[in-house]
Structure formats: C-alpha cells, structure tokens
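Chains as they are written, first to last, in the working numbering: chain V, 279 to 555; chain R, 181 to 440; chain E, 73 to 520; chain U, 305 to 887. Quick reminder that beta carbons are idealized off the backbone N, C-alpha and C, glycines included. This report refers to the structure that appears directly beneath it.
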C-alpha cells in the first residue's frame, strides 16, 4: 500500500498496480472537489435561478424547446440553444434585422374570447411585461395563464426590493394541487407587488431598458401563432390520462379551467403550460 | 517473513513418505494436532469441515477380492516449490514461501478467510476454521506454548512444524551457529510415526537421506504433471500405489471406496 | 400542427373524486406529470420484498455472528452459492459501465433514456455483491487488510480494489439522479451541485469504464489462474488468463441485455411506455454483436483448453464431463443454446423488431452468462483433483439462500424506490404526451 | 505579536495534514490490526520452562516408554522414549494423546466414596455361605492385582476375578518365520506396537479375517474368511477336517487352504495367533517367569474365571476399571449377581464403562495422574517391571482402587509398588533400562533406592532371558472369539478393536476423517441402503444402541464392522448377528 507497509516492493507490479489505483482515486476526488467548488461559486454568484431554469429547460420535452422562429414558421424545426434567452442569440438578431416582427393594426389579439393586449411583451411562460410610463415594468399573468390558475389559492410574491431576473422565478402560485412557479419576463428590482385583482402581480424597475431588454419576449404578430400552439399543448395536457379527449368544440373557455377538469392532473397541466417540468 | 538476507544458504525442507510402511494408525494426525494446538472437532464437524493438517487417506486399487489391495496415504501441505498455487492467489500476503526453508507459511493473523487459497490448492491440504476453537475444560492446559491457536474464520495448514523449526533456530543461535546455515529438526508427524514411514530433511543437501530417497526410482509426487513441484515425496514398490499420483479415474471402480 | 386548435370550455360537470389523503401523501416527491400508483399500493408492493430482505439480513447476521459454520460450504467446497451470485450479479450489472461508456464516451445519445436506470441497476448489483462478499469471508473485520497488505499478484486483490472503487463511482453517479428529485432540487445547493456534477459525469463514466474492464476481467482471472484446478485453469496473455478477456466481453455483452430485460419488465409491471422501442432494439443489437464475438472467442478458448491446456496438466478434458450430472450437455447449453442462439436472435433485425424475440434473446444471453459463472465456480470445485478423492455435491443451507434472497429483495426495493421518486426514464413524460397526441389524432379521424 | 485563533487553527490543521505524510499514523493503523488478530475466547498456552519427563503409558499392557514434553510440570506433548528394547520408541495414536485423558468430557469427577465403603462393608457382613465378595480386575498381574488377591483372601468368600488372560505365557515374535493370525490385530495395537513393527521384517504375516483390517492390508497374505469360520480354517489346516470341508466353511478356495497348509509346513517356525486349535511350532510361544513379588504376598486368592462362579451368587462386586483391559459384557456379569440388592461398585475414570450399570461409581485417577505398574505385554518374553508415574496431580475426589479394596478387607495400606520393587531388587536378576540416558545396567549393580528412583524417573526392569523357558500354549487364545449368539438377524458383526474412551483430539481419526471407526460407529457396504453418515440403530438379540453409519466398499455385504466400545461390547461379540436400521 505504502512503501513502509509490509510486503511493498519497488517493482513494476506494485508500481503499476498501486499507481493505477492512486490515479483513479485522485481523478474521482478531483472530480468531486471540482463539482463542489463550481457549485459554491455558482451559489456565491447567485446563479441559482439561472441554473434552475437551464436545468428545467433541459428537462422540457423537445417539442416545448423549439425556437420562436419555428412557431412563426420561419424554421421547419430548431431547438432553442439559449434557453429562450434571445438576447444573446445571433440568429434571432439577424432574423429580426432582416424582417422585424410586424405590429398588427388591432390593439389586442382575441382568441376564443381571451384578450391578449399587444401593448406588451409576452413570455413563453405565460407572463407579460408592460413598460409603464414611469419607466417601471408591470409583470402579470396573461389571460390563458389566469384562466389556468383561476383565482389562486395562495400566492407567494417577492418582497419589494427583491431582485428578479428573466427566466427566473417571478412568483409562485398555488392552485388546488398545483404548485407552480411563474417565470419572470424581465430582469429588475421589485418595486411593488400587486395581485390577481389588480391585474398585475409585480411592478419591477428593469435593470436594462429599451428594445434589447425585451428582445427575448414575444410581441405583435408572434403572439397569435404562439397562442395557437399553446392551446394545442393545453388540450394535450388536459386529456385525462385514462379516458378519451373530453374537449367539446366551439364556445368560450371558462374562467377557471381548473374547476372543470377535475380528472386532469392539474399539477402536470400547470407544469406543462408554465414550463416547469 | 521473507528475509532480505541474500547470503543465507537456503534449505529446501521436504519429506519422503514410504506408503508401504504406513499402517494407517493415525499417530501422525494426533501428534500433529497436539503439536500445533489444533482443537478437537466441534460436534458439527465432519470429514469435510474438520481440521487435520495431515490427513491419512485410505486408498485401494479398486479391484475385488482376492486382488483387492489397500494402502494408506498421508497427505499434508505439499509445499509446492514452483508457482505455489496458494501463495499467488492470497489477496493480502497471508501466505508466503520462506526462501530460506522453502516452507509454505500461513499467517492466520493476516488471513481474511476468503478461502481462495483452498480453492487453489489441488491437494486439499488447507483447512478452514469453521467454528471457534474450543477445548474441554482444563484441556487448554495441555496446549503447546510454541504455537498460537488460531481464531475462527481463518485458513490454516501444515507448515512443517514451524514452531519446532523456530526452536531449533534459537538453539542453533544459542550454540553460536551462524544464522545463515539451515538447522536440522523433526516435525511432529515424523517423530510420531511408529513405523518410521516418514522421513524429513533438507532436499538441497544431496547427502541427506531424504534427498537420496526422493531420488529413488520408486519415489513419486502427487499430481506431478501440474508442475507445482511439491517437496513431499511418496514412495512405494507397488505400481498401483504409484498410480494414485495421476489424475482421477472418473467412474472408475473403487472411486467411492476411498476412505480416510 | 396535427389539428387546428379548438376552444377550451367546460366539460360536463363531474363530481370530483373524494381523494384519499394517503393517495397524495408523497406526490410532491414524485416528478411532475409522472403517473405513479398510490402510496398504499406502493407500500403494498414493497412490503413482501422488505419482509424477504429482513429474513435475508437475519440469516446473514447468523453467518456473521455464529460464523460460516452456518453455511453448507466446507474445506473442499470452499466457495458456494455466494461466489456464483457475486460473479453473476456483477456480470449483469456491467450494463451500467457499458451504457455509460457508449453514451458519454462514444456519444451514443439514444441511450440517454436508459442510462439512469442502468446506473441504478449497476449500483444495486455491485453493492449487493460487495455486501455478500463481506458475509462470505471468515474475518470481515480484516477486509481492509487487502488494501493494507495488497498482494498485487492476486486476482482477488485486483477485484477488491476495482470493485470498491467502481462502487464509489456508481454511488457518485447515483447522486445526480437523487438530487434531481422534485423536492430535493428546490434546495438551491442541491440543484446547483447536481447541475455541476452532471457536467463532469463523463469523467466518472471514463473512470468507471476503466475500472470495470479490469475487475470484470480479474473476476474471470480469479478462476483462470488456478493451475491447481485444471478444469478452470487457462493460459493467456501476460499475467491474464483467457478467462480474463472472456469475462470482459461476456459482461459487456450481457449488460445491455439485462438493461433491456429490466426495462421491458418495468414497462410490463407499470403498464407504461418508458423508452422508445428503437432504444431497446439498439440495446439488443449491441448485446447481440458482442455476444457473437464472445461465443467465437469462447469456442476457440474451449478448443485450445481441451486439446492443449488440460492434457498438459495430466487431465483429459473428457473426464470432467464423465462426472454426473455435469455431462457435456452443460458445455452445449453454455455455448450453443445460451450463447450462439441468443446472439443470432438479437442480430437478426426482423426478430429484433418483435418484442417477444428481443426479450427472450436477452433472457437467454443473461442465462448463458449465469451458467458460465456457475460452471466456473461450482463445477470447478465439485470435480476431484486427487485420484483417491471423490466427486462432491453441495446444497446451500437456508442461511446461504436467505442471504442470496436478501440481495434480490434489496435490489427490487432500491429500484422500485428510485423508479417512484427519481426520473429513471427521462423520456417517460414525452412518451406520455406523444401517446395522447396519437390518441387524439385517432379520435379526430373518427370525427371527420 | 499576538496569535489569533485563526492562526492556531491553521497551525493545528497544517500539522494534522503534515503528520499524514509521515509513516507514524500508518504504522499505528497497522498495529490496530492486532485486536482483530486476538479473537476473544482463544486460550493462550501457558508459558514456562520446557523439560522432559519420562513414564510408561498405562493405557494398555504394552506400557510403551513415554517421553513427556512438559511446560513446568504440565505435559503438553507425549512421544515414545527412544532406544527402548521393547517399545522401540513407538507410541500409538491413543498413547500420543494420553495426556488429555484427565480432561475428557466423560471423566468421573466425584462419587459417593463413604456410602460405597459402607455398602461394601455391609455387603461383606451380609454375605451368606453360598455368596461371594468379588473383585473384578480388568488388567491382572499388576501390583494392585496382588493387593486385590490378598484382600479377597482376607475376606470371607472373597473371589478375585479377571477376564480370561493368561499372563504367564508370552509370544516370541522374533522366533517366528511365519505368523498366522486369526483376526488378531498384530500390527495395529496388539502386544507392544514397537516390538511388532520391529519384528515385522523377520516373519511372513498371514492374516485370516473377514475384513481387510489395517493389519490385513499390511500382511503378506490376507485370507478373507467368513466371519466365525476361524476355527473351521484352523481345523482344516490342522488336518482335523478335510480341506474341502474347510473351504466350504470358510469360503476360501480349497487349493488356497492346501497351499497355506504346505506353507506352514515349510516355513516354520509358525506362530499361530487367535486360535488354540492349531499348534504353534518352534519356541514361538513360551511360558514367562512371574515378576518377583514379596514372599508375604503369596497368601493370595487364586485367579478365578467369571464363568466358574454360579449364577446369582455375587453379593458384593467391586470392579477396578482404572486400568483398561479386556471388557466383560455386563450381561455376563449381571447374571452372577444375587437377586436381592447386590452391591456393585465401579472404580472408574470414565462414565462410559461399567459406571453405566453400577450403583456406586467412584472416581479414580487416570493416566498420567496415578502411579502404577504395567504387567508385561503378551509379546514380552521376559518379565518386566515398569511404572506409570504421575505427571499431573490427581483430583482430590479420586480414590485409590487398591486402597479402597484393602480397606474393605481390613488390610493395612502400604506402598506396595515399593515393596514389589524391593522384591525384584532382592531377586537381583535382569537389567535396568533408564529412558533419559537410554542405558541399561545389570540390576545387581544398582542400589535398591537408586532402582526405585530410576523406576520413578522413567525406567524399566527387564528380566534376564530364560533359555530354559518351556514352550507353552496360549490355552485361552488372545482375543479368541466368543460363541456366536444364534439369531436370524441379517448382518454378522466384526469388531474393530479401537481403544475407547480416548482423548477428544482423536476426533481427527474418526470424525474429521474416516481413517478409523469412531465410538458407536458402524461400517457397512454401500449396498446396505443407508447413507454415509446417517444416524441409525444397531441392534442385536441383547439390545440396541444408536450408531452412525460409514459406508465402505471394503466391507463385504452382509457384514457390519463395529468399533468395540463398552456400549457395543455389552450387545455383541465378533461373529454375533445384528441388524442396522434407520433411527
């Protein structure tokens, strides 16, 4: 084992064998230590939210990871390489340079009686960011999001002064057996908290302003196709695991979808729609 | 232990056992157990779970009367001199060959009890302590101070009475003989054999009676073809007895006859 | 887009089922969207195995406290059921390292969907084997001597070192799977550590592969080096007898088969689609091709052994098989029925596509390797070497069998637990949704 | 400067890491192995000065010279004392473990000495005219035997009974050129093993017995005769019946017998053992002079044969089992006892003998605890006198058999051994052989005290050769077969004479290997239908006892080999019919 332990000889056999053993040990230990140090650093640098989102994103089904330009029909298929953060995506930059997103005439998309005002940016996790005149940004659930959760049983909102970051947790919502985190559309500092009744949940002072700060969010013409796709996913998610699809056609979605699909695994549905695997 | 001293004149202790002289009385087995503090059998012990460093097998030529012949073959550790099977397999160096004596030694205090050496030994000369050693009340007074009793769960075997060798060494040293010279001593079984069938000596010393007998045409070793080069030689004038050294004869008559 | 989106509206009101509080006792530990049986049902499934484990632990304790006299092993049958178990289990557990090797080193990405399961199986097999080994030795307290006074010439030393190292590696590989648990990952440090560790996993995969190659081999060498046992003795390269290499190939061949088998079994038991059939077929193909190589090598080795190695030691090979019940049939069964046959079954694409053939092929492969390990351990010890010695038989005592069963129970328990609470099959959710899509399409076709 | 806590911590941590790079902690780790090396419950052998002490083994009449390796006074190993003219330094398996006997599990540790003495006295008082007070001595011709004879002479109707062994006749192996043995274990414990082995090259050994015993396997010729047909063969060879008839009876071929007869003709002198039917030729069997005894002892009771006592006549029976010898079946003894509560006292060290039947069992010392002489062995032509000297202290509870009997008869207790030694010294014949220096000196050159000292330090008196000793006959042949109880049981018993009880270490010979037949073990042919090692019941007309079965293809079908332990001897003799059934 060691030169001063019984039976150790300085011969090839011992040196090769023990050499191999010790190197293996070293490699394993080094790997562990490396992982530990990296994660310590990550913790110190408050990259938990980011890492959490990346891990989540990695776990999403392939079809949920597609690039927004697939939704808008510009690509056949493309998996988003940046975890929905288009701000650092050259492809996206080029594409919108070539033909910027059209802003339709009407001021809001109406989809099956759900209103999606176009004066704001939409995050694929069903939140919107609305730049206020005072330079702050209000963050809220879009209508589909609201109908999914209905009136939440419980909300835990960040304290004013807390920091939220794009694709990080904005706030958590509890509804029936569902416990889901809602992704924040923007980086910034929480100034004020609202609620379902006030139409928005957070008022945030964004760290960056101007177009690039919202580049990763959907707007204008992008919204409709995205929503269509979302409705489809919703239908899929709502299908009760055991029996045939129960969706009837036509009509207006109820205010509280949750209430009307008791058999659906609501937790799973919300996870699906709010991109939390 | 393996001694680093290179100048020693190495001995190669070995035995010749005259099968024709062995009447199977078992004195060697008893003397061995007494000498080496081998405990008496636990009531659950059988001939497959026992501790007999030297075991006398009763073998026959497989014929029927009047041609039937029986012989007794004492088998102990054969102290293989070449690629000693048990030494190479022991994971923790509990078995070694003393280069100064050629004796295959066993260190029970080091033994893990994995029994790999027993699987490796073609002569089944290694024994495992399946039970805690136990002596009837008072009998522990009769233990030989020269040998430490072994604990449960370790392998043990014949070491050509290492205790006696050690004592002989000490006497030689006391008598001022050089440490590098081999000593002469006699293992318990050799001393005990009433018919004097077993002879012990240094095979390296061509002048020794043992070396001479080992060279006799009627001497043979068990499973010689395995090329383990045992230091225990057997002798017999009878061809069929010399035949037992070869590999088994499956299904051959008298397979289950062999007792011992 | 399969179908145009249709509005969502109230389905006819249903009474919400009164849900048993037990039902969702542990639901927050179960991955979101993964459908698992209710807690009582789960406990009901675990109970008998737990009972078996307890019984096994009792018998193992007997062997440890009262000593190995509790077993039916003896001086001649120095090894028994347990060594057979160790060798077999470790061969089957080889799937862990081999899948890891294919996935992380050769970048065979399809296997990502079984790697977690493979790791758990590996962990179960190896830890089980090590525990049994600890019972099997007479002085477990001295196990560390092997590290302290290692005899580097002994195959057993090689085995001990590699297995203990590899077990550590497996444990580390298991950590991310655990930390990915829905509840645990809410702890920031766990989340981050898992993320970082997973980035380095290929290093561990590499190390694991290295170690596995060696100990699978040295397990083979264990018997191949016994020159005192001509039935097992083989010549080879350098310090390694041919069995060393045969074991590596056979283990690599049977590992994927065993994963295939278990995955199929889990799918059957849980009535879920967990991996795409292509993955299973891929596993089958890998297994098949390696098995073919193994069979070839094994046959050549056997011929050399019969014609050279064995006669040179004075033993004619035929005589080994004249001791009933170990006739030549065992050789045929090992190389033919459980070697060549499954190899062909797994290699033929047509058959592979049929689950029945695929699974039975995998099963035969596993059986073949198990048989090989049995022959090498038990038959070797049963055969006499001295001409005046007898052929031995041996039946394990209930304590031995109990300990054996403990390992099985332990495996089932750990696997079931992992399956319930950890994502052993990442594709599961995806496949579930896909399944629904298909359903819906069917339903649509019905509609228009 | 002042040191902060942080610095202290750093120092501590640093030195801790530093130490790991020195051998010290690893050495210590190695040493922790010691505790796993000293498993609890393992006795540590006592250490002390090693020295040699000499004695004679009193386990059988061979009385082999013994060299005991002792730690302090405790013998830890026995071996034959070399150079001895009779035992030639040989010691049998049982003798080698003799020093274990004081500790055997079946040892009798205490007994009702006073009650027994009272009962005996009472019995002697009550003894009617046609009733007897008997002392049964399993090993006659000892000094103790003389005490018994004198005691029995002293009490009314006293009788001294021994098994039928004629101690005045000796066998001279050195004279024989052919030895024809009817089942006598010539090379396996008979006579003086060392002497038999030494003489072996001198004669051709023909062994006639149904099973190939250890002797048969070493014999030049083995005649497998039917059990119980020894006499037939003898008659055939003696020409008293036709060879054909002999062949018929023994199962041998007629020409075999003819050839054998011719051999005996040509190859004399012939020594015949185990049958009194056939004459030994040459002076191979001679009468042996008595070892001198003090004149005043001559007023002693004669040696009586048990058979000669009328049934139901023994009122008091004292059995001295301290010196193992020929065992008389209890059935034979029992029918001699009076009907109304006879007094039976067994003086024994093992519970396995008559202790099973006697109502008073008194503990006695065992070899090597007690002093006693060993009568000359059958193959010792010259009279001998050698002592078994105590090597370990005898337990307090033990009684001295001769003192017990003497007391019962009202004899004064004297140092009889010393008196006998002096008587021998007075006779001034023969030589004294001392073991420590392996020298022999003429007795007449030795002073009485030195003689006595020498005998106690390991010595042996050997009578002068007596050339005029007349040829004699073994009237009652050694180990002659007892009559066969007739019955229709399927198996015929062949006894194998193992010395029991022995040291527990003898388990090496029968339990841990199959070399010998263990106590209460039977050997049968594999075709018997029982499994090897199976528990079974051995049954004869006289009763049954539990046994363990050993399969041995060397045993002809229809025979059962039984080891002759007292329990078995109570049930049968060689040639008896028996059956072995599942337990």
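Grouping DSSP H, G and I as helix and E and B as strand, with all else coil, what is residue 436 of chain R? Here residue 436 of chain R refers to the residue found at position 256 when the second chain is read from its first residue. Because the pLDDT at residue 436 of chain R is just 42, under 50, the model does not fix this residue reliably, and the value given afterwards should be weighed accordingly. The answer is coil: DSSP assigns residue 436 of chain R none of H, G, I, E or B.
Taking only beta-carbon positions, decide if residue 854 of chain U is within less than 8 Å of chain E. On the fourth chain, residue 854 of chain U is found 550 positions in, with the first residue counted as 1. No, no contact with chain E.
Mind checking the region 332–352 of chain U against chain E and listing, in chain order, the residues whose C-beta falls within less than 8 Å of any C-beta there? 333, 334, 337, 340
List, from N- to C-terminal side, the beta strand (DSSP E) runs of 3 residues or more that fit wholly inside the region 407–478 of chain V. 415–419, 432–434, 447–453, 456–461, 466–471
For a test of the three-state rule: what should DSSP assign to residue 482 of chain U, helix, strand or coil? Here residue 482 of chain U refers to the residue found at position 178 of the fourth chain. Of the three classes helix, strand and coil, the one that applies to residue 482 of chain U here is strand, per DSSP.
Tell me, please, whether the CB atom of residue 429 of chain V is closer than 8 Å to any CB atom in chain E? Residue numbering aside, residue 429 of chain V sits at position 151 when the first chain is read from its first letter. For residue 429 of chain V, the answer is no, since every Cβ of chain E falls outside 8 Å of its Cβ.
May I ask you to verify whether the region 464–473 of chain U touches the region 492–501 of chain U, counting CB pairs closer than 8 Å and requiring at least 3? no
Do residue 403 of chain R and the ligand ZN come close, with the Cβ less than 7 Å from some heavy atom? As presented, the structure is devoid of all ligands, the ligand ZN included, so that no description of it is given.
Listed in chain order, which residues of the region 460–492 of chain U have Cβ atoms closer than 7 Å to some Cβ of chain R? 491, 492
Which stretch, first to last residue, makes up the beta strand (DSSP E) that contains residue 510 of chain U? Along the fourth chain, one-based indexing puts residue 510 of chain U at 206. Looking at the DSSP string, the run of the beta strand (DSSP E) that includes residue 510 of chain U is 508–512.
Among E:109, E:453, E:438, which one has its Cα closest to the Cα of residue 331 of chain E? Indexing the third chain from 1 puts residue 331 of chain E at position 259. Checking every option, the nearest Cα to that of residue 331 of chain E belongs to E:438.
Apart from the five residues on each side of it in sequence, which residues of its chain come closer than 6 Å, Cβ to Cβ, to residue 784 of chain U? The residue you call residue 784 of chain U lines up with position 480 of the fourth chain. Residue confidence for residue 784 of chain U is low, a pLDDT of 38 falling below 50, so the modelled location carries little weight; the figure read from the coordinates is stated next. Once the five neighbours on either side are set aside, residue 784 of chain U has no close Cβ partner at all.
Contacts that residue 516 of chain U makes with chain R (C-beta to C-beta distance below 9 Å): Residue mapping note: residue 516 of chain U aligns to position 212 of the fourth chain, counting from 1. Those within 9 Å of residue 516 of chain U in chain R are 240, 245, 248, 249, 250.
Ordered along the chain, which non-local residues of its own chain (more than five positions away) have a Cβ less than 8 Å from that of residue 671 of chain U? Within the fourth chain, numbered from 1, the residue matching residue 671 of chain U stands at position 367. Only 361, 362, 363, 402, 405, 692 meet the Cβ criterion.
Cβ neighbour criterion (16 or more within 10 Å) applied to residue 247 of chain R: Indexing the second chain from 1 puts residue 247 of chain R at position 67. Exposed, because fewer than 16 other Cβ atoms sit within 10 Å of the Cβ of residue 247 of chain R.
Buried or exposed: where does residue 288 of chain E fall if 16 or more other Cβ atoms within 10 Å of its Cβ makes it buried? Mapped onto the third chain, residue 288 of chain E falls at position 216. It counts as buried.
C-beta atoms of residue 493 of chain E and residue 144 of chain E nearer than 8 Å: In the third chain, the residue the question calls residue 493 of chain E occupies position 421. In the third chain, the residue the question calls residue 144 of chain E occupies position 72. In this structure, residue 144 of chain E does not lie closer than 8 Å to residue 493 of chain E by Cβ.
Of the choices U:714, U:820, U:807, U:827, whose alpha-carbon is the least far from that of residue 316 of chain R? Here the question's residue 316 of chain R lines up with position 136 in the second chain. The option with the nearest alpha carbon to residue 316 of chain R is U:807.
Of all the CB atoms in chain U, is at least one closer than 8 Å to the CB of residue 478 of chain V? Within the first chain, the letter at position 200 stands for residue 478 of chain V. No, residue 478 of chain V does not count as interfacial toward chain U.
Would you say residue 142 of chain E and residue 134 of chain E are within 8 Å of each other, going by their C-beta atoms? Stepping through the third chain from its first residue, residue 142 of chain E is reached at position 70. Stepping through the third chain from its first residue, residue 134 of chain E is reached at position 62. It is a contact, given that the beta carbons lie within the stated cut-off.
Using a Cβ-Cβ cut-off of less than 9 Å, list which residues of the region 196–220 of chain E approach chain U; keep chain order. 211, 213, 214, 216, 217, 220
Go to residue 541 of chain U, then tell me how far its alpha helix (DSSP H) extends in each direction, as first and last residue. The residue you call residue 541 of chain U lines up with position 237 of the fourth chain. Its alpha helix (DSSP H) spans residues 534–542.
Per-residue contacts from residue 371 of chain R into chain U (C-beta, under 8 Å): The residue given as residue 371 of chain R occupies position 191 in the second chain. Under the 8 Å cutoff, chain U gives 383.
How would you call residue 237 of chain R, buried or exposed, if buried means at least 16 neighbouring beta carbons within 10 angstroms? By 1-based counting over the second chain, the position of residue 237 of chain R is 57. Its Cβ being crowded by 16 or more others within 10 Å, residue 237 of chain R is buried.
According to DSSP, is residue 262 of chain R part of a helix, a strand, or is it coil? One-based indexing of the second chain puts residue 262 of chain R at position 82. In this structure, residue 262 of chain R counts as coil in the three-state DSSP scheme.
Counting only Cβ-Cβ distances shorter than 9 Å, please list the residues of the region 305–330 of chain U near chain V, keeping chain order. 327, 330
On the CB-based measure, 16 or more other CB atoms within 10 Å of its CB, does residue 315 of chain U come out buried or exposed? Numbered from its first residue, the fourth chain carries residue 315 of chain U at position 11. With fewer than 16 other Cβ atoms within 10 Å, it is exposed.
So, helix, strand or coil for residue 528 of chain V, using DSSP? Along the first chain, one-based indexing puts residue 528 of chain V at 250. Residue confidence for residue 528 of chain V is low, a pLDDT of 40 falling below 50, so the modelled location carries little weight and cannot support an answer.
Can you confirm whether residue 420 of chain R, when its beta carbon is compared against all beta carbons of chain E, has any partner nearer than 8 Å? As a first step, residue 420 of chain R is located in the second chain; it is residue number 240 there, counting from the start. No, its Cβ sits nowhere closer than 8 Å to a Cβ of chain E.
For residue 765 of chain U, which beta-bridge partners are listed by DSSP? Mapped onto the fourth chain, residue 765 of chain U falls at position 461. Residue 765 of chain U pairs with U:689, U:736.
Roughly how far, in whole angstroms, is the beta-carbon of residue 451 of chain U from the beta-carbon of residue 706 of chain U, given that I think they are within contact range, below 8 Å? By 1-based counting over the fourth chain, the position of residue 451 of chain U is 147. By 1-based counting over the fourth chain, the position of residue 706 of chain U is 402. So it is a contact: roughly 4 Å between Cβ atoms.
Would you be able to state if there are at least three C-beta pairs under 8 Å between the region 405–419 of chain E and the region 249–265 of chain E? no
Residue 607 of chain U bridges to which residues according to DSSP? As a working note, residue 607 of chain U is residue 303 in the fourth chain. Per DSSP, U:464.
For residue 321 of chain V, decide whether its Cβ has a neighbour in chain E, counting only Cβ atoms nearer than 8 Å. Indexing the first chain from 1 puts residue 321 of chain V at position 43. For residue 321 of chain V, the answer is yes, since a Cβ of chain E falls inside 8 Å of its Cβ.
Could you say which of E:404, E:392, E:218, E:307 lies nearest to residue 233 of chain E if we only look at CA atoms? As a working mapping, residue 233 of chain E is identified with position 161 in the third chain. When only C-alpha atoms are compared, the closest one is E:218.
Inter-residue Cα distance where the pair is residue 428 of chain E and residue 182 of chain E: Stepping through the third chain from its first residue, residue 428 of chain E is reached at position 356. Stepping through the third chain from its first residue, residue 182 of chain E is reached at position 110. Residue 428 of chain E and residue 182 of chain E: Cα-Cα distance of roughly 22 Å.
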